[in-house]
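Student: This is the structure I have questions about; it appears just below.
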Ligand SMILES: *Cc1c(COP(=O)(O)O)cnc(C)c1O
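Dropping the structure here:
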């Protein structure tokens, strides 16, 4: 078989190997990198269903990374998931009639550790082999930052610059990032929104001379390795639930921000995993929910909510999905993304029955519904949902008409969002975690910076590796 190559959704970038795609992040033509084919593994499911998490991760990731020697890949995967405190890495718990896929047993207690513990090590491996250096620029609405920092802290060849919206991430999320004092870690509080941070990132990455001069790389979910490593837990969870229930297909409910997580589920489905459908959940920042119900992708204002990692209006990974949706036509993608950039709006046609898509359905959960869902699960099942997970569970309940088991992705440990838990349950101190308690009086380091690409550029240039 031909080696797998990575092409851009905008069609201009020369195809890249896996390693180059990982190091490049965003394609040089402004598009996103995607594999030039999606392997079908329907015939392998039977052989894979009893594998443990690292072995399953190896089987899936290697299909997309044929330029990493297998023994090295195994070692990277095994090191990445040995940092998880649960022996299963991503256990599935039956809570009421839902299956909760707990993705928060990594070092920063959010699902992003699954991708970033792997990606951090992958960067280290590639840089050592190439005797290279890397300056990572990241934008975070909260959880990516600490997970990315944790994935690369202390690495000699990497400096990491993490932008978060000043005073718009929870105090705890902020402390999780800024309390990591390794010399290669730089935290920037940008006086703007998360979308502003993403825009600054796009601006710096599209300045190709700057990007090249400083070997800029990304850990945001525009990086293919992130989406790739997240495909694994869809398989893992579907196998566990099939085993427990005898069902031959499942549904997933996914709390969504940048569309990275649910896109991994979409790839799993294209690979032949029997997923009946994916249920996309947003909070009040509901551009994606509106899109999947109307076909109109129109930007709205960003509002701050109880689930800040979903406070996103421009979902960077949406472009990957759009590429397939418009018939793998890079010109059609470029046209629509340009229109969206200029007018804040674009549209895709609906089918004869008025449907936008058959694989993804979507809804939104506002603060009241999210808090009520937390309260209900705590009261009825003595189980604490974090507010992101709760939004997914609430929207899953709106799509109750099919019998296939419903797997709800639990994307963060509830203790990361203890204010919301307290508001929902009227009980203080219910959601605690020793890792977070230990941060209470930890020293921190962070720079407040103007909301402009120029300021970030100057800061980075002065401190780049
Ligand atoms: C990042 C994050 C999300 C959203 O994931 P996307 O891949 O951006 O859609 C949801 N919940 C939590 C806790 C997160 O950290």
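Numbering (the numbering used here), first residue to last: 1 to 465.
Glycine included, C-beta positions come from ideal geometry on N, C-alpha and C.
In this text the structure is predicted, and so the values were computed from the model without any measurement.
1) Quick check on the DSSP output: what are the complete beta strand (DSSP E) runs of length 3 or more inside the segment 287-375, in order along the chain?
2) Take every Cβ of the segment 428-439, pair it with every Cβ of the segment 389-405, and state whether three or more of those distances are shorter than 8 Å.
3) What did DSSP end up calling residue 122 once you bin it into helix, strand or coil?
4) For ligand 1, any of its heavy atoms closer than 6 Å to the Cβ of residue 286?
5) Between the segment 246-256 and the segment 41-57, do three or more beta carbon pairs fall short of 8 Å?
6) Using a Cβ-Cβ cutoff of less than 6 Å, which residues in the same chain neighbour residue 18 once the five nearest sequence positions on both sides are dropped?
7) Taking Cβ positions, are residue 166 and residue 189 nearer each other than 7 Å?
8) Under 7 Å between the Cβ atoms of residue 400 and residue 317?
9) Is the closest heavy atom of ligand 1 to the C-beta of residue 221 under 6 Å?
10) Please list the segments of the alpha helix (DSSP H) lying wholly inside the segment 122-196, counting only runs of 4 or more residues, in order along the chain.
11) At what residues does the alpha helix (DSSP H) containing residue 429 begin and finish?
12) Please work out which residues of its chain come closer than 6 Å, Cβ to Cβ, to residue 262, disregarding the five sequence neighbours upstream and downstream, and give them in chain order.
13) Residue 337: buried (16+ other C-beta within 10 angstroms of its C-beta) or exposed?
14) Considering just the uninterrupted stretch of the beta strand (DSSP E) at residue 276, what are its terminal residues?
15) Apart from the five residues just before and just after residue 146, which ones in its own chain have a Cβ nearer than 6 Å to its Cβ?
16) Specify which residues have a beta carbon nearer than 5 Å to any heavy atom of ligand 1, listing them in chain order.
17) By the three-class DSSP mapping on this structure, what secondary structure does residue 271 have?
18) Pull up the CB-CB distance for residue 391 and residue 307, whole angstroms please, since I reckon it's below 8 Å.
19) Report the rounded CA-to-CA distance for residue 300 versus residue 358, giving the unit in angstroms.
20) From this set, 102, 452, 243 and 328, which residue's C-alpha is nearest residue 86's C-alpha?
21) For residue 322 and residue 333, what's the separation of their Cα atoms in angstroms?
22) Going by DSSP, which residues form a beta bridge with residue 406?
23) With DSSP as the reference, please indicate the residues paired to residue 6 in a beta bridge.
24) Hey, quick one: how far does the alpha helix (DSSP H) through residue 457 stretch, first residue to last?
25) Quick check on the burial criterion: 16 or more other C-beta atoms within 10 angstroms. Buried or exposed for residue 260?
26) On the premise that residue 208 lies in contact with residue 28, defined as a C-beta separation below 8 Å, what is that separation, rounded to the nearest angstrom?
27) Quick test of your reading: residue 172 and residue 436, contact by CB under 8 Å. State the CB separation rounded to the nearest angstrom.
28) Give every residue of the same chain whose Cβ lies closer than 6 Å to the Cβ of residue 57, excluding the five residues on either side of it in the sequence, and list them in chain order.
29) Using the beta-carbon count (16 or more within 10 Å), is residue 174 buried or exposed?
30) Could you say if the segment 103-122 and the segment 220-232 meet the contact criterion of at least three C-beta pairs nearer than 8 Å?
31) Can you tell me whether DSSP reads residue 49 as helix, strand or coil?
32) Tell me which same chain residues have a C-beta within less than 8 Å of the C-beta of residue 420, skipping the five on either side of it?
Tutor: To lay it out plainly:
1) 296-298, 345-347 and 360-364
2) no
3) The count along the chain shown starts at 1 and reaches residue 122 at position 122. Of the three classes helix, strand and coil, the one that applies to residue 122 here is helix, per DSSP.
4) Position 286 of the chain shown, counting from 1, holds the residue named residue 286. Because no heavy atom of ligand 1 lies under 6 Å away, the Cβ of residue 286 does not count as near it: no.
5) no
6) Against the chain shown, residue 18 aligns to sequence position 18. Contacts found: 65 and 67.
7) Taking the first residue of the chain shown as 1, we reach residue 166 at position 166. Taking the first residue of the chain shown as 1, we reach residue 189 at position 189. Yes, these two residues count as a Cβ contact at 7 Å.
8) As a position in the chain shown, residue 400 is number 400, starting the count at 1. As a position in the chain shown, residue 317 is number 317, starting the count at 1. Contact flag unset, no.
9) Mapped onto the chain shown, residue 221 falls at position 221. Indeed, a heavy atom of ligand 1 lies less than 6 Å from the Cβ.
10) 143-152 and 171-178
11) For the purposes of this step, residue 429 is taken as the residue at position 429 of the chain shown. Taken as a continuous stretch (DSSP letters only), residue 429 belongs to no alpha helix (DSSP H), as it is neither H nor E.
12) Position 262 of the chain shown holds residue 262. 254, 256, 278 and 280.
13) Here residue 337 is taken as the residue at index 337 of the chain shown, counted from 1. Buried, since its Cβ has 16 or more Cβ neighbours within 10 Å.
14) Along the chain shown, one-based indexing puts residue 276 at 276. 275-282 is the extent of the beta strand (DSSP E) around residue 276.
15) Start at 1 with the first residue of the chain shown, and residue 146 comes out as number 146. So the list reads 108, 176 and 177, once near-sequence residues are dropped.
16) 110, 143, 255, 256, 257, 258, 260, 261, 309, 388, 411 and 412
17) Here residue 271 refers to the residue found at position 271 when the chain shown is read from its first residue. If DSSP states are grouped into helix, strand and coil, residue 271 belongs with coil.
18) The count along the chain shown starts at 1 and reaches residue 391 at position 391. The count along the chain shown starts at 1 and reaches residue 307 at position 307. Right, their Cβ atoms sit about 6 Å apart.
19) What you label residue 300 is simply residue 300 of the chain shown in a count that begins at 1. What you label residue 358 is simply residue 358 of the chain shown in a count that begins at 1. The alpha-carbon atoms of residue 300 and residue 358 are separated by roughly 25 Å.
20) As a first step, residue 86 must be located in the chain shown, where it is residue number 86. The shortest C-alpha separation from residue 86 is found at 102.
21) As a position in the chain shown, residue 322 is number 322, starting the count at 1. As a position in the chain shown, residue 333 is number 333, starting the count at 1. If you take the alpha carbons of residue 322 and residue 333, they lie about 7 Å apart.
22) As a working mapping, residue 406 is identified with position 406 in the chain shown. Its beta-bridge partners are 251.
23) For the purposes of this step, residue 6 is taken as the residue at position 6 of the chain shown. Looking at the DSSP assignment, residue 6 forms a beta bridge with 16 and 35.
24) Stepping through the chain shown from its first residue, residue 457 is reached at position 457. Where residue 457 is concerned, the enclosing alpha helix (DSSP H) stretches over 453-463.
25) Numbered from its first residue, the chain shown carries residue 260 at position 260. With 16 or more Cβ atoms within 10 Å of its Cβ, residue 260 is classed as buried.
26) To locate residue 28, count along the chain shown from 1; it is residue 28. To locate residue 208, count along the chain shown from 1; it is residue 208. That pair is a contact at about 6 Å.
27) For the purposes of this step, residue 172 is identified with residue 172 of the chain shown, where counting begins at 1. For the purposes of this step, residue 436 is identified with residue 436 of the chain shown, where counting begins at 1. Between residue 436 and residue 172 the Cβ distance is about 6 Å, and since that is below 8 Å, they are a contact.
28) Reading the chain shown from its first residue, position 57 is the one you call residue 57. Answer for residue 57: 77 and 232, listed in chain order.
29) Taking the first residue of the chain shown as 1, we reach residue 174 at position 174. Classification for residue 174: buried.
30) yes
31) Looking up residue 49 in the chain shown gives position 49. If DSSP states are grouped into helix, strand and coil, residue 49 belongs with coil.
32) The residue given as residue 420 occupies position 420 in the chain shown. For residue 420, where only same-chain residues beyond five positions count, the Cβ hits under 8 Å are 306, 307, 370, 371, 374, 386 and 387.
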